[in-house]
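**Q** I have a structure I would like to understand better, so I am pasting it below and will then ask my questions one at a time.
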Amino acid sequence: HKGKEWDACLTFLFLPLSPKQVFDGRIWSKMWSTYALYDPSYQNHESFGFFIDLGNGYSTLLPTFLMNFAMVYPNRVSPLYIGCMGIAMYWQVMYGTIIYALSFLFNRRYEGKNLVGVAAFVGISNGLWFFF
């Protein structure tokens, strides 16, 4: 796919999904591998980009389940505890996003790519984690 990252991304984004496929890990692994076509650091198991996603995936599992439990059973979990946990999770994801963006820029992984591609692949897709 060298030089055709956009094609791979658009193919993935417009892939028709059934409701069952939305929860299929194989579909989400395609998202990761599609992004890795654009930023090869996601293919490198020694890079920050790889480990920040892996780490966030594992470290936010239990807190996410607890937050969902608190939404279903609001009287069983302290809102203060859930709020503090939400702030901590947001801070962790925001910090990882900032460090990833700095790593992308510092290591000049933008070289040879057009501004629109960098803005879409790195800016918008990672900016979602920063703002939400």
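To convert, note that position 130 of the sequence shown is 910 in this note's numbering; the numbers rise steadily by one, no gaps. Backbone N, C-alpha and C define an ideal beta-carbon position, used for all residues, glycine too.
Can you tell me which of the three DSSP states P799 falls into?
**A** helix
**Q** So T844 is in the alpha helix (DSSP H); what residue range does that whole segment cover?
**A** Looking at the DSSP string, the run of the alpha helix (DSSP H) that includes T844 is L841 to V852.
**Q** Would you kindly check if the distance between the Cβ of N836 and the Cβ of Q801 is under 9 Å?
**A** No.
**Q** Are three or more beta carbon pairs between the stretch 845 to 861 and the stretch 797 to 811 nearer than 8 Å?
**A** In short, these stretches do not touch, since the Cβ pair count stays below three.
**Q** Would you kindly work out how many angstroms separate the C-alpha atoms of V824 and Y818, rounded to a whole number?
**A** Strictly speaking, residue 824 in this sequence is Asn, with Val absent from that position. Roughly 13 Å between the two C-alpha positions.
**Q** Between S905 and S827, is the Cβ-Cβ spacing less than 9 Å?
**A** no
**Q** How many Å lie between N894 and A881 at the Cα?
**A** About 16 Å.
**Q** Taking its Cβ as the centre, do 16 or more other Cβ atoms sit within 10 Å of C864, making it buried, or is it exposed?
**A** exposed
**Q** Can you name the start and end residues of the alpha helix (DSSP H) that V898 belongs to?
**A** L895 to V898
**Q** Within this structure, are the beta carbons of G897 and E785 separated by less than 9 Å?
**A** yes
**Q** G876: which of N848, G829 and Y815 sits nearest, CA to CA?
**A** G829
**Q** Tell me which residue opens and which closes the alpha helix (DSSP H) that I904 is part of.
**A** For I904, no alpha helix (DSSP H) segment is defined, and its DSSP state is neither H nor E.
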